[in-house]
Structures are given as C-alpha cells and as structure tokens.
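Visitor: Below is one structure. I have some questions about it.
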Amino acid sequence: MKKENIILRLLKNIYVKNVLMMIGVFVGLVIIVLFLLNFYTKHNESITVPTVKGLQVQDAAGILESSDLRYEISDSIFQAEGAPGSIIEQIPKEQSKVKKGRTVFLVIKAKGVQLVSVPELKDYSRRQAEAQLASLGFNKVTIQEVPAAYKGLVISISYRGKQLTPNQKIPKGSPLVMTVGAGGDISEGDSISEQSDSQDIEKSFFE
277 MKKENIILRL LKNIYVKNVL MMIGVFVGLV IIVLFLLNFY TKHNESITVP
327 TVKGLQVQDA AGILESSDLR YEISDSIFQA EGAPGSIIEQ IPKEQSKVKK
377 GRTVFLVIKA KGVQLVSVPE LKDYSRRQAE AQLASLGFNK VTIQEVPAAY
427 KGLVISISYR GKQLTPNQKI PKGSPLVMTV GAGGDISEGD SISEQSDSQD
477 IEKSFFE
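Our numbering puts the first residue of the sequence shown at 277, with every later residue one more than the last.
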C-alpha cells in the first residue's frame, strides 16, 4: 500500500507530470520524424530506366512494369530500319534516373506501308523531276525516252505499268518509270519516210 501511495503521490506531483508529458511528447516527435524520413526516402528513391529500344511493345511493357514504371505510346513513325511495331525511341532515355511510377513515352515504327502523294511532274525537266521524286523517297526511277518535240521534258510518271494522276498516292520507295522526251517530231519523221518510199516506187517504175 505504501508503494502505491508513493506512486500516486508522484503522479499527482505537478513536476513529475510535466516531466512525463515532456518525455511523451519527445517520444511522439521521434516516431513522427522517423516515419516522415522513411516516407521521404522512399518517395525520392530513384529508378534506372531500362533499355527497351528495338523491342516490341508487349515485351517492353513487362520490363517497364517490373521496374515500377508506366509506359505510353506517344507516336508512331515510318522508317526503313527496324521491325514494324518495334520501339525506335524512348523518353526518358535509357539509364536515366527517375522516380517510381514515372511514365516512359515510347515512339514505335508504324505498321503497314507509308503512302506518298506524287505531284504533277509533266513538263518538268528530267533533273527537276528526279530531284523531287528523290526528296519524296523514290530513288528507283527508270528513264524511258520517246520521240517528242521537246527533249528532256517529262511526259508522264508510271507505276506498275499505269500512268499516275496528279497527287496520286503510292507506297513510298516504289520503282517508277519516267517517260521523257528524246527530241524529234513523229509526224515529220513519218512524212520523210513516205517521201522516200514514193521515190523508190517511181524509180522502180521507170527502170
């Protein structure tokens, strides 16, 4: 009983109460600080972005998700290299340090064939037409010369045996045939041939 009375007296003592309250507040503050430090450390924990360039999206998705990262396809473009649907660019770059849950934006190679509009090139010079076709990605152009009044001017552009209409769209890089004037006049050549034939007939008649 005496011990209990002593404890009760101590607890009722204002100085003891203040000391106990200070100890309780101190312990509480320590717990809060430790919790905040732990949260802050995890919140700012950096993750190294893995390399996913060259992979298909479904393969890259598993790698990114296992690294606690999200992904989003931001664009698809046409290019000669790489398999259709493969990743050709990633943002942020590989080996970058980012926070957990960061979104990695992916640029993939478009599937299918890129169609390009071929402009009207009739009456262009051969050099101008070839340069314009090359700028559009048509580097396989076969030149076919035919008799025409003006030499070196484009008469038509053909794809798979058919003449293209102005701004017709065809697969980029397709082989084309450019028909160009070679000079000379067809009608004039025919009349000269006819005169020569008639002279030969007249000579054979009198011989």
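The C-beta atom is built at its ideal place from N, Cα and C for all residues, glycine as well.
For the ligand GDP, is there a heavy atom less than 6 Å away from the beta-carbon of residue 340?
Guide: Although the ligand GDP was asked about, the structure shown includes no ligands whatsoever.
Visitor: Mapping DSSP to helix, strand and coil, what is residue 341?
Guide: Taking the sequence shown and counting its residues from 1, one reaches residue 341 at position 65. Three-state result, residue 341: helix.
Visitor: Considering only DSSP beta bridges, list what residue 372 is partnered with.
Guide: Position 96 of the sequence shown holds residue 372. DSSP, once it has assigned bridges, lists no residue as partnering residue 372.
Visitor: Once you ignore the five residues that flank residue 397 on each side, which residues in its own chain have a CB closer than 7 Å to its CB?
Guide: Numbered from 1 along the sequence shown, position 121 holds the residue referred to as residue 397. For residue 397, where only same-chain residues beyond five positions count, the Cβ hits under 7 Å are 405, 408, 430 and 433.
Visitor: State yes or no: is the C-beta of residue 496 within less than 7 Å of the C-beta of residue 335?
Guide: Residue coverage of the chain in this structure runs from 277 to 483, which leaves residue 496 outside it and unanswerable.
Visitor: My assumption, with CB atoms under 8 Å, is that residue 364 sits in contact with residue 344. Please give the rounded CB distance.
Guide: Here residue 364 refers to the residue found at position 88 when the sequence shown is read from its first residue. Here residue 344 refers to the residue found at position 68 when the sequence shown is read from its first residue. Contact between residue 364 and residue 344 does not hold, since their C-beta atoms are separated by about 24 Å, which reaches or exceeds 8 Å.
Visitor: Give the single residue among 341, 418, 327 and 377 whose Cα lies nearest to the Cα of residue 456.
Guide: Translated into the one-based positions of the sequence shown, residue 456 becomes position 180. Taking each of 341, 418, 327 and 377 in turn and checking the Cα distance to residue 456, the smallest one comes out for 418.
Visitor: Would residue 326 and residue 307 qualify as a contact pair, given that the criterion is a beta-carbon distance under 7 Å?
Guide: In the sequence shown, the residue the question calls residue 326 occupies position 50. In the sequence shown, the residue the question calls residue 307 occupies position 31. The criterion of a C-beta distance shorter than 7 Å is not satisfied by residue 326 and residue 307.
Visitor: The alpha helix (DSSP H) that contains residue 406, what's its start and end?
Guide: Numbered from 1 along the sequence shown, position 130 holds the residue referred to as residue 406. 402-411 is the span of the alpha helix (DSSP H), which, as asked, contains residue 406.
Visitor: Can you tell me whether DSSP reads residue 414 as helix, strand or coil?
Guide: Against the sequence shown, residue 414 aligns to sequence position 138. Coil.
Visitor: Return the chain-ordered list of same chain residues with a C-beta closer than 8 Å to the C-beta of residue 379, the five sequence neighbours on each side being excluded.
Guide: Mapped onto the sequence shown, residue 379 falls at position 103. The residues are 345, 346, 347 and 348.
Visitor: Distance check for residue 454 and residue 438, CA to CA, integer angstroms please.
Guide: As a working note, residue 438 is residue 162 in the sequence shown. As a working note, residue 454 is residue 178 in the sequence shown. Their backbone Cα atoms lie some 11 Å apart in a straight line.
Visitor: Do residue 372 and residue 330 count as a contact pair if the criterion is CB distance below 7 Å?
Guide: Stepping through the sequence shown from its first residue, residue 330 is reached at position 54. Stepping through the sequence shown from its first residue, residue 372 is reached at position 96. Not a contact, by the Cβ cut-off of 7 Å.
Visitor: Tell me whether residue 291 is buried or exposed, calling it buried when 16 or more other Cβ atoms sit within 10 Å of its Cβ.
Guide: Taking the first residue of the sequence shown as 1, we reach residue 291 at position 15. Burial call: exposed.
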